[in-house]
Each structure stands twice: as C-alpha cells, then as structure tokens.
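K.L.:
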Amino acid sequence: MALDDQIQKTHEAALKKGELIFTDTTVETFSEDGVEYELRLVPQLEKKPVQASNEESSDKSAKPTNPFLPYNPDLCVTELEKHVVLLNKFCVVPGHLLVVTKEFERQSLPINPSDFAALWKTMTSVHKQKTLGFYNSGPMSGASQPHKHMQILPLEKLEVPPMDQFFVNTKLVPGKTSQLPGLPFLHYGVLFDQEKIKELKEPEAVGEYLVDLYSDLLDSVFENVAKYHLGEGIRLEGPVSYNLLVTSTWMLIVPRKEEKFGQISVNSLGFSGMLLFRSQEDLDLVKRIGYMRLLSSLTYPLPNAEPVKSEPLPAL
Ligand code: B4P
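Residue numbers for the sequence shown follow the UniProt record's numbering, beginning at 1 and rising by one.
Following this line, the structure appears as structure tokens:
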C-alpha cells in the first residue's frame, strides 16, 4: 500500500479508537518584510501527560514513561530497518509523522546517516502534500520527548514553509554552508545539490550526503555558540540546543539560547515561519512585537553583529 494511503488508513482507525487526538486550529497569515508567516491558534489543546525530561525531573521517584518504547501499535504507519514511522498522537495537522529510532537513543544526539535516510525516504514517499522535516534537539529546542525522533509535517496548502523566502532571495552555492541575509540571528543553512541527489537516488546514499552537509552546519553552529559563551563569560549548561529544518531543497540549523518567550514555547516549526499559540493574547503579542523580534529573543546573535537598536521587548 502507498504510504499516503497507509497514513490515512492509520489516522482514521486510530482516531475512531480514541488513540489519536486531533485538535482543530484556526490559521491566519501575518505579513512582515515581504514574508507571510503562519500563525496557528489552538485554544484548547488536549491535555497531554506532562513528560518531565528524564534528566531534569525533580521528583526522582517518578518513573518517566517513554511513549515511543514501546510505541502504540495503533499509531504505527510503517516500519523501516532501524526506525518506526508513527502518527503524532496529539496532532493539529493530519498526517503529522514521527520517525522514531527502534532502540533508545537520546534526542540530544546528532542525527546519523541511517536517521537521515529514514527521514528522507519517508518525506519523499509522501506525495499527497509537500512536507517539512524537523528535529528539535536539546533542552531549549522545544523538545518534550527524550527518545530520538525526527518529525514530518504536511504543509497542507503551502508548497514551501515561509522561511523558504530567505533561501529564494539569496544566490547560494549548492552544498556550501551559508548564512542567509535577512535572518538576524545565528543560523547556518545549505542548499542541496539536486543533480547529486538525483545521481545518488537511494535514500541510504542521500542520507550519507545529507548527514555530511548537516555535520558541516553543526560544526559552524557549535564553534560560534562556544565563542559566544566564552566571550560573554556564561557557562554553557548541557548540550547545545538547536532546531533543524529539512525541505526537499535546503536545510537550516538555528541554535537556541531560550526555549520560551513568556508563555510562547517555540520549536523548529517556529523557525520555519509557522507558530502555534495557545491563546489569542499570545498571538496578538507576536503581531505587536514582530515575528523576527520574537525569534531573535530566543537565539544567539550573529557573530560580529551590531547590537540591535530597537525598543526593548515588553516585560512579561
Ligand atoms: P518534541 O520534539 O518532543 O516536541 P514538539 O514537537 O514541540 O511537541 P510537543 O509535545 O512539545 O507539542 P506542543 O505542545 O508544542 O516532539 C514530541 C512529539 O511526540 C510531539 O509531536 C508529540 O505530540 C508527540 N507525542 C507525544 N506522545 C506521543 C505518543 N504517545 N505517541 C505518538 N506521538 C506522541 O505542540 C503540539 C503539537 O503541535 C505538536 O505535535 C507540535 O509538533 C505541533 N505544532 C507545533 N507548532 C506547530 C505549527 N506551527 N504548525 C503545526 N503544528 C505545530
């Protein structure tokens, strides 16, 4: 059965059985400097069991549960060699997939070639809609589960995520670690060499290629985050947190200094140009302060950047 059909069949059956919880949202666009960002409001997101990060739980007697080991078979779309593809139990976009390692690995570990191959294989097997791959890694990244999982979000009506605009507006050399003019915070991106991807063809080979590009981005990120902490004399506690976004044409990594702005928790999707809000007040706040200013408050400054001269953000 084609993956699209498998996803739909599993979604319908799990929804009927009460194993998948779908929450309706409203979406509006917010235009800033020529980019149309997506603001999604979910006023009553179903209460999820709070997963204290294994390393951070204050109640040492509480046994942390791992929803991916064992995983819920009703949410399983397909099995790959070292991964399972699950439906996101708490979905706001039907067909939101998780690509989860069969064996336990930490979410703070880098993605390896077999992870990338599994992500690429799954992304390119979804034909009904364009998709966006992402990985929230580290305590400030918006990740809530410590077991390694990449995610794939169908873009619904969009062809590309809003941040694509920053790649379109720049002439990048395929395969070269680059910074995108217009993004006012530390980040590294790379455009894929499409000829190479066509040549490599097999997901395993593409996975090797993508992991090389990703490692180059990570090296630049780690080097600059370390320099920042050294320069500011602030100890870096724990692993470097970052968000990774993967489309069919590019990849972007943004290291994270903060997880939240007030109540607004931001994961990788925020850096793709799509934000989820739990209240109209938070959504209105972002419209007031601006999308880029929100993202900038959660990230590291660009190396050698002039301090930004703008109104201080409102105290929360
Ligand atoms: P994490 O990397 O740990 O965290 P996350 O994506 O930020 O999700 P979180 O759980 O913090 O969700 P949030 O309230 O911010 O990913 C864990 C994933 O596993 C999540 O997708 C979670 O739902 C899922 N999960 C948990 N238990 C599970 C189980 N038993 N079986 C299967 N899956 C399980 O956001 C709520 C949802 O909205 C998330 O799915 C999030 O990805 C999505 N979302 C956030 N911003 C969005 C946006 N702008 N547009 C569309 N969707 C968005």
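Glycine included, each C-beta is placed from N, C-alpha and C at the ideal position. Since we're looking at a predicted model, the values are computed, not measured.
Classify residue 229 as helix, strand or coil using the three-state DSSP reduction.
P.N.:
If you number the sequence shown from 1, residue 229 lands on position 229. Residue state, collapsed to three classes: helix.
K.L.:
Using a 10 Å radius around the Cβ and a threshold of 16 neighbouring Cβ atoms, would you call residue 55 buried or exposed?
P.N.:
Here residue 55 refers to the residue found at position 55 when the sequence shown is read from its first residue. Per-residue confidence for residue 55 stands at a pLDDT of 46, beneath the threshold of 50, marking its modelled position as unreliable; no derived number is given.
K.L.:
How many Å lie between residue 96 and residue 180 at the Cα?
P.N.:
Looking up residue 96 in the sequence shown gives position 96. Looking up residue 180 in the sequence shown gives position 180. Near 28 Å, if we compare the C-alpha coordinates of residue 180 and residue 96.
K.L.:
Buried or exposed, going by whether 16 or more other CB atoms sit within 10 Å of the CB of residue 223?
P.N.:
Position 223 of the sequence shown, counted from the start, is the residue given in the question as residue 223. It counts as exposed.
K.L.:
When the distance is taken between beta carbons, is residue 174 closer than 9 Å to residue 160?
P.N.:
What you label residue 160 is simply residue 160 of the sequence shown in a count that begins at 1. What you label residue 174 is simply residue 174 of the sequence shown in a count that begins at 1. Taking 9 Å as the Cβ cut-off, residue 160 and residue 174 do not qualify as a contacting pair.
K.L.:
Any idea if residue 163 is buried or exposed, counting beta-carbon neighbours within 10 angstroms, 16 or more meaning buried?
P.N.:
The residue labelled residue 163 in the question sits at position 163 within the sequence shown. Counting Cβ neighbours within 10 Å, residue 163 comes out buried, since at least 16 surround it.
K.L.:
Residue 71: beta carbon under 8 Å from a heavy atom of the ligand B4P?
P.N.:
To locate residue 71, count along the sequence shown from 1; it is residue 71. Answer for residue 71: yes, Cβ within range of the ligand B4P.
K.L.:
Does the Cβ of residue 38 lie closer than 8 Å to at least one heavy atom of the ligand B4P?
P.N.:
Taking the sequence shown and counting its residues from 1, the one referred to as residue 38 is at position 38. Yes, Cβ of residue 38 sits closer than 8 Å to a heavy atom of the ligand B4P.
K.L.:
Taking the beta strand (DSSP E) that residue 251 belongs to, which residues open and close that run?
P.N.:
The residue given as residue 251 occupies position 251 in the sequence shown. First-last of the beta strand (DSSP E) with residue 251: 250-256.
K.L.:
Quick check: does the Cβ of residue 13 come within less than 8 Å of any heavy atom belonging to the ligand B4P?
P.N.:
Numbered from its first residue, the sequence shown carries residue 13 at position 13. The answer is no for residue 13.
K.L.:
Do residue 276 and the ligand B4P come close, with the Cβ less than 8 Å from some heavy atom?
P.N.:
Here residue 276 is taken as the residue at index 276 of the sequence shown, counted from 1. Checking every heavy atom of the ligand B4P against the Cβ of residue 276, one is found closer than 8 Å.
K.L.:
CB residue 200 to CB residue 122, shorter than 9 Å?
P.N.:
As a position in the sequence shown, residue 200 is number 200, starting the count at 1. As a position in the sequence shown, residue 122 is number 122, starting the count at 1. Cβ distance not < 9 Å, so residue 200 and residue 122 don't count as in contact.
K.L.:
Take residue 23 and list the residues in its own chain whose beta-carbon comes closer than 8 Å to its own, dropping the five residues that flank it on each side.
P.N.:
Taking the first residue of the sequence shown as position 1, residue 23 is located at position 23. Cβ within range, chain order: 42, 44, 45, 46, 90, 91, 92.
K.L.:
Any idea if residue 26 is buried or exposed, counting beta-carbon neighbours within 10 angstroms, 16 or more meaning buried?
P.N.:
Numbered from its first residue, the sequence shown carries residue 26 at position 26. Classification for residue 26: exposed.
K.L.:
Return the CA-CA distance between residue 320 and residue 207, expressed in angstroms with no decimal places.
P.N.:
Residue 320 falls outside the range modelled here, since the chain spans only 1 to 316, and no answer is possible.
K.L.:
For residue 280, which residues of its own chain have a beta-carbon under 8 Å away from its beta-carbon, when the five flanking residues on both sides are left out?
P.N.:
Your numbering for residue 280 matches position 280 in the sequence shown. Answer for residue 280: 41, 43, listed in chain order.
K.L.:
Return helix, strand or coil for residue 239, following the three-state DSSP convention.
P.N.:
On the sequence shown, residue 239 is found 239 positions in, with the first residue counted as 1. Note: residue 239 maps to coil in three-state DSSP.
K.L.:
Does residue 241 pass the burial test, meaning 16 or more other C-beta atoms within 10 Å, or should it be called exposed?
P.N.:
By 1-based counting over the sequence shown, the position of residue 241 is 241. Buried, by the Cβ-count rule.
K.L.:
Note down the Cα distance separating residue 104 from residue 134, rounded to an integer number of angstroms.
P.N.:
As a first step, residue 104 is located in the sequence shown; it is residue number 104 there, counting from the start. As a first step, residue 134 is located in the sequence shown; it is residue number 134 there, counting from the start. Distance between the alpha carbons of residue 104 and residue 134 is about 19 Å.
K.L.:
Using a 10 Å radius around the Cβ and a threshold of 16 neighbouring Cβ atoms, would you call residue 137 buried or exposed?
P.N.:
For the purposes of this step, residue 137 is identified with residue 137 of the sequence shown, where counting begins at 1. Buried.
K.L.:
Less than 9 Å between the C-beta atoms of residue 300 and residue 185, yes or no?
P.N.:
Here residue 300 refers to the residue found at position 300 when the sequence shown is read from its first residue. Here residue 185 refers to the residue found at position 185 when the sequence shown is read from its first residue. Contact flag set, yes.
K.L.:
Just reading off the beta strand (DSSP E) that residue 132 is part of, what are its end residues?
P.N.:
Taking the sequence shown and counting its residues from 1, one reaches residue 132 at position 132. Its beta strand (DSSP E) spans residues 131-137.
K.L.:
Do residue 248 and residue 171 come within 9 Å of each other at the CB atom, strictly closer than that value?
P.N.:
The residue labelled residue 171 in the question sits at position 171 within the sequence shown. The residue labelled residue 248 in the question sits at position 248 within the sequence shown. Their beta carbons are not under 9 Å apart, which means residue 171 does not touch residue 248 by this criterion.
K.L.:
Between residue 117 and the ligand B4P, is the CB less than 8 Å from at least one heavy atom?
P.N.:
Taking the sequence shown and counting its residues from 1, one reaches residue 117 at position 117. No, since every heavy atom of the ligand B4P falls outside the 8 Å radius drawn around the Cβ of residue 117.
K.L.:
Taking only heavy atoms of the ligand B4P into account, decide whether any of them is closer than 8 Å to the Cβ of residue 104.
P.N.:
The residue labelled residue 104 in the question sits at position 104 within the sequence shown. False, no ligand heavy atom lies under 8 Å from that Cβ.
K.L.:
Quick one: does the C-beta of residue 107 sit closer than 8 Å to a heavy atom of the ligand B4P?
P.N.:
Working through the sequence shown from its first residue, we reach residue 107 at position 107. Indeed, a heavy atom of the ligand B4P lies less than 8 Å from the Cβ.
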